[in-house]
Amino acid sequence: MSEWFEKQRRELLQIIEKSTPEDGIHDTQVHGLRFIRASQLSEPVYSVYEPSLCIVAQGSKAVMLGQEVYQYNPSSYLTASIDLPITGQVIEASRETPYLSLQILFDMNQILDVIQLSGKTIQARGEVSRGLKVSRMKDMLMDAVLRLVKLVEAPEDIPLLVPSTIREVIYRIIQNESNTSLTQFAVTGSHAQRIAKVVEKLNRDFAQPLRVAELAAEARMSSSSLYHYFKEVTGMSPIQFQKHLRLQEARRLLFSRSIDAAEVAFQVGYESPSHFSREYARMFGLPPVQDVHRLRCSLIDEMMENS
Numbered sequence: 006m007s008e009w010f011e012k013q014r015r016e017l018l019q020i021i022e023k024s025t026p027e028d029g030i031h032d033t034q035v036h037g038l039r040f041i042r043a044s045q046l047s048e049p050v051y052s053v054y055e056p057s058l059c060i061v062a063q064g065s066k067a068v069m070l071g072q073e074v075y076q077y078n079p080s081s082y083l084t085a086s087i088d089l090p091i092t093g094q095v096i097e098a099s100r101e102t103p104y105l106s107l108q109i110l111f112d113m114n115q116i117l118d119v120i121q122l123s124g125k126t127i128q129a130r131g132e133v134s135r136g137l138k139v140s141r142m143k144d145m146l147m148d149a150v151l152r153l154v155k156l157v158e159a160p161e162d163i164p165l166l167v168p169s170t171i172r173e174v175i176y177r178i179i180q181n182e183s184n185t186s187l188t189q190f191a192v193t194g195s196h197a198q199r200i201a202k203v204v205e206k207l208n209r210d211f212a213q214p215l216r217v218a219e220l221a222a223e224a225r226m227s228s229s230s231l232y233h234y235f236k237e238v239t240g241m242s243p244i245q246f247q248k249h250l251r252l253q254e255a256r257r258l259l260f261s262r263s264i265d266a267a268e269v270a271f272q273v274g275y276e277s278p279s280h281f282s283r284e285y286a287r288m289f290g291l292p293p294v295q296d297v298h299r300l301r302c303s304l305i306d307e308m309m310e311n312s
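Residue numbers (the numbering used here): 6 to 312.
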């Protein structure tokens, strides 16, 4: 990294550090901008990534999508261009040098706005690419991101400057990624846009029975084409994707509420509690009750360490 880039990174680091007095996710006054701090290596965290830009100012993180691992650090960044169930893990952090990062959420309307304002014409293509991508950080993107982050310390400027700065951030991403990772979902009638609608439906109706033929008909594809393009975008088959969504929601319900595992199984769409328990253990390493007990004990231990 150049001396200029390192200076920008340190400035970014200082603002995030000042804004995150404790570990966790911290929303800011800039809509869609959040800071993340972790003072130790983390256990795998299961969540659904929204369309966003993720940048690490210090430390390193690994994200797993299906069987693929994406690792990024201050010299790179990650973009998620569609809602995807992932497993994230901080792999470089300590109390002395905590993991510090930011996430900027955006939506397809913002991307379409940037494409229109830039005068670019995006042609529909037959091929699709992953909805998750790690790219090398570029100076112009870092500059735009830093100017956005600085607005956290100038709240009176937020209403006027945030919209244009967000547009510039998206524009720099599109430039860096050769108009593929994000813009493929903005092309009307493209395979990627059809898959995006299928992903949206699965995220919304994950507890309902999955009928590939119906999904394919809605996407105006054959079942084999749907399977192919869906896996190209998400790294998973539709059934695997649905399973991740169901099990992540089940874990959230079990951890946040006093609710029976069998009841949770039915809520997220499983007909057999025993089948649910087997798949849960296969994904999280322990059966539901034992896993939630472990999570709660880990949380208590962490709270005691920080007290």
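Backbone N, C-alpha and C define an ideal beta-carbon position, used for all residues, glycine too. Just so we're clear, the structure is a prediction, and the values are computed from it rather than from any experiment.
The beta carbon of S228 is closer than 8 Å to those of V217, A218, A221 in its chain, skipping five residues each way along the sequence.
Runs of the alpha helix (DSSP H) lying entirely within the stretch 240 to 273, each at least 4 residues long, are 243 to 261, 266 to 272 in chain order. According to the DSSP secondary-structure assignment, M69 is paired through a beta bridge with V74, T92.
For I120, the enclosing alpha helix (DSSP H) begins and ends at 113 to 123. Shown here for I60: same chain residues with a beta carbon closer than 7 Å to its own, the five before and five after excluded, namely Y82, S106, L107, V150 in chain order. By the Cβ neighbour-count rule, I116 is buried, with 16 or more other Cβ atoms within 10 Å of its own. According to DSSP, residue pairing for I30 in a beta bridge involves I41. Each of S195, R287, Q295, L250 was checked against the Cα of G274, and the nearest Cα belongs to L250.
Taken atom to atom, the span from the alpha-carbon of Q76 to that of I179 is near 20 Å.
From the listed residues R135, I120, E173, the smallest Cα separation to A85 is found for R135.
Separation of D265 and D28 (C-alpha to C-alpha, rounded to the nearest whole angstrom) is 30 Å.
Judged by pairs of C-beta atoms under 8 Å, the stretch 67 to 74 touches the stretch 231 to 247, as three or more such pairs exist. About 7 Å separates the CB atoms of S99 and S44; that is less than 8 Å, so the two are in contact. Judged by pairs of C-beta atoms under 8 Å, the stretch 184 to 191 does not touch the stretch 44 to 53, as fewer than three such pairs exist.
Where R141 is concerned, the enclosing beta strand (DSSP E) starts and stops at 137 to 141. Bridge partners of T84 according to DSSP: L58, K138. Within the stretch 156 to 206, complete alpha helix (DSSP H) segments of at least 4 residues are found at 163 to 181, given in chain order.
In this structure, DSSP gives V297 a helical state, which the three-state scheme calls helix.
For Q108, there is no enclosing alpha helix (DSSP H); the enclosing beta strand (DSSP E) has its first and last residue at 104 to 110. I96 and P243 have their C-alpha atoms some 29 Å from each other. Its chain contains E223, A224 as the residues whose beta carbon lies nearer than 8 Å to that of K202, once the 5 sequence neighbours on both sides are disregarded; these appear in chain order. With a threshold of 16 other beta carbon atoms within 10 Å, T193 falls short and is exposed. If you look at Q13, you'll find it in the alpha helix (DSSP H) that goes 8 to 24.
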